[in-house]
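To start, the structure itself, in structure tokens.
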Amino acid sequence: MSRWLTEAVPRGRVAAFRTLIYLFVAADLVVFTPWVRTRVAVPGELYQPLLVGRLLPLPTPTPAVVAALFWALLLLALLAATGRAPRLLGWTVFALYFEWMIVAMSYGKVDHDRFGLLVALAVLPTAGRARHGDPTRSEAGGWALRVTQIAVICTYFLAAWAKLRFGGLDWLTGSVLARAIIRRGTELADLIASVPYLLIVAQFGIVAFELLSPVVFLLRERWRLATVGFFYSFHLVTMATITISFAPHLAAMTAFLPLERVRPVVWARRLLSRRGRNTTKPAGVTPALAGQASAAGRPDGP
Numbered sequence: 012m013s014r015w016l017t018e019a020v021p022r023g024r025v026a027a028f029r030t031l032i033y034l035f036v037a038a039d040l041v042v043f044t045p046w047v048r049t050r051v052a053v054p055g056e057l058y059q060p061l062l063v064g065r066l067l068p069l070p071t072p073t074p075a076v077v078a079a080l081f082w083a084l085l086l087l088a089l090l091a092a093t094g095r096a097p098r099l100l101g102w103t104v105f106a107l108y109f110e111w112m113i114v115a116m117s118y119g120k121v122d123h124d125r126f127g128l129l130v131a132l133a134v135l136p137t138a139g140r141a142r143h144g145d146p147t148r149s150e151a152g153g154w155a156l157r158v159t160q161i162a163v164i165c166t167y168f169l170a171a172w173a174k175l176r177f178g179g180l181d182w183l184t185g186s187v188l189a190r191a192i193i194r195r196g197t198e199l200a201d202l203i204a205s206v207p208y209l210l211i212v213a214q215f216g217i218v219a220f221e222l223l224s225p226v227v228f229l230l231r232e233r234w235r236l237a238t239v240g241f242f243y244s245f246h247l248v249t250m251a252t253i254t255i256s257f258a259p260h261l262a263a264m265t266a267f268l269p270l271e272r273v274r275p276v277v278w279a280r281r282l283l284s285r286r287g288r289n290t291t292k293p294a295g296v297t298p299a300l301a302g303q304a305s306a307a308g309r310p311d312g313p
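For the sequence shown, the positions run 12 to 313 when this note's numbering is used.
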């Protein structure tokens with residue numbers, strides 16, 4: 012078990028995952044959860060912190076507290092994305108984002124798609140330094156990615172458990188998806204809903220998929236990547252039909268992917284270098300014919 016938990020991965024994969032996660036945190040503040048800043052307009056007596064918020068001496072959100080939290084987290088997440096001071100910046104970003112989530116989820120609604128992302132932020136500082144493109148394998152980095160993977164799969168499995176615990180078999184045979192489509196469905200969802208019993212079949216399929224999700228750890232790499240691709244397609248369909256986004260969960264799920272192969276900076280440099288070489292070629296000379304003899308037996312050019 013310990014060998015599986017600490018299976019070494021290239022440091023380049025850890026570096027890429029770290030950059031992606033911290034950039035997502037910055038994007039989350041301004042794209043996905045900017046509404047957290049509006050919580051300060053709510054009377055303080057309506058703030059009912061989660062259990063962890065009650066155990067820790069955290070302040071009641073005020074305009075000054077939330078503004079300081081927002082700007083500090085945004086700046087430090089962008090700095091952490093560079094890979095500098097991975098432990099100091101990593102632990103700080105985790106603490107600040109954890110507080111950001113406590114503020115966000117202490118007014119009556121708790122989103123379960125944040126679990127994998129929070130775990131990733133908690134374990135990334137333990138991975139140490141990692142450089143993009145570095146093929147050296149790291150057990151510490153492997154442990155950080157594996158724990159994040161487990162958190163991602165637990166999100167699925169525990170979601171199914173919660174459905175059956177609180178909804179029972181009625182969740183499978185009821186009108187859960189029908190209500191979701193009525194509230195926030197798209198035209199595609201309307202087409203699906205018009206097919207008799209298809210929504211019931213879909214509800215059985217969702218629970219089966221979530222319960223069987225741990226099987227991904229038993230698959231060989233090729234099939235594991237294909238299964239993760241299916242996970243992503245599931246969320247794409249969810250977004251296209253009932254407009255529910257699992258963006259934080261999808262970001263954490265990249266822990267399954269060989270991210271060291273995705274190097275946009277290197278690709279951009281190669282593209283720019285190719286364009287530079289093309290612009291320095293002599294005008295009017297075809298590269299394939301340069302230096303070849305002409306039909307008259309004389310070399311091309313002067």
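Where a beta carbon is used, it is the ideal one built from N, C-alpha and C, also for glycine.
Near residue 313, which residues of its chain fall below 6 Å by C-beta distance, leaving aside the five closest residues on each side in sequence? Confidence is the limiting factor: at residue 313 the pLDDT is only 38, short of 50, which leaves the residue's position unreliable, though a coordinate-based value still follows. If we look at residue 313 and ignore the five residues flanking it on each side, it has no Cβ neighbours.
At a cut of 8 Å, does the stretch 174-188 reach the stretch 136-151 through at least three beta carbon pairs? no
Taking 8 Å as the cut-off, decide whether the C-beta atoms of residue 90 and residue 100 are in contact. yes
What residue ranges within the stretch 161-226 form continuous alpha helix (DSSP H) runs of no fewer than 4 residues, ordered along the chain? Counting whole runs of 4 or more residues, the stretch 161-226 contains the alpha helix (DSSP H) stretches 181-184, 187-195, 198-204, 209-223.
Report buried or exposed for residue 301, applying the criterion of at least 16 other Cβ atoms within 10 angstroms of its Cβ. Residue placement at residue 301 cannot be trusted, given a pLDDT of 46 that sits under 50; the coordinates are not used to answer.
Name the residue from 209, 263, 14 whose alpha carbon lies nearest to the alpha carbon of residue 185. 209
In this structure, does DSSP put residue 140 in helix, strand or coil? In this structure, residue 140 counts as coil in the three-state DSSP scheme.
How big is the Cα-Cα spacing for residue 299 and residue 286? The predicted position of residue 299 is uncertain, since its pLDDT is 49 and thus under 50; a value taken from the coordinates is nonetheless stated next. Their backbone Cα atoms lie some 18 Å apart in a straight line.
Take residue 59 and list the residues in its own chain whose beta-carbon comes closer than 8 Å to its own, dropping the five residues that flank it on each side. Cβ within range, chain order: 117, 118, 119.
Outcome for residue 135 when other beta-carbon atoms lying within 10 angstroms are tallied against a minimum of 16: Counting Cβ neighbours within 10 Å, residue 135 comes out buried, since at least 16 surround it.
Taking three-plus beta-carbon pairs below 8 Å as touching, is the stretch 149-160 in contact with the stretch 259-277? Touching, yes.
Would you mind giving the Cβ-Cβ distance between residue 21 and residue 147, rounded to the nearest angstrom? I have them listed as a contact below 8 Å. Going by Cβ atoms, the distance from residue 21 to residue 147 rounds to 7 Å, so yes, they are a contact pair.
Assuming residue 235 is part of the alpha helix (DSSP H), what are its boundary residues? 232-253
I'd like the span of the alpha helix (DSSP H) that includes residue 34, first residue to last. 22-38
Check the DSSP bridge columns for residue 117 and list the partner residues they point to. Partner(s): none; residue 117 has no beta bridge.
From residue 72 to residue 106, what distance separates their C-alpha atoms? 16 Å
Return the chain-ordered list of same chain residues with a C-beta closer than 8 Å to the C-beta of residue 43, the five sequence neighbours on each side being excluded. Around residue 43: 256, 258, 259.
Cβ shell of residue 151 (< 7 Å), same chain only, five flanking positions each side left out: Spatial neighbours of residue 151 in its own chain (CB-CB distance under 7 Å, excluding positions within 5 residues in sequence) are listed in chain order as 137, 138, 139.
With H, G and I counted as helix, E and B as strand and the rest as coil, what does DSSP make of residue 148? strand
Helix, strand or coil: how does DSSP classify residue 257 here? Here residue 257 sits in coil by DSSP.
Does residue 111 pass the burial test, meaning 16 or more other C-beta atoms within 10 Å, or should it be called exposed? buried
Please report the distance separating the alpha-carbon of residue 144 from that of residue 190. 47 Å
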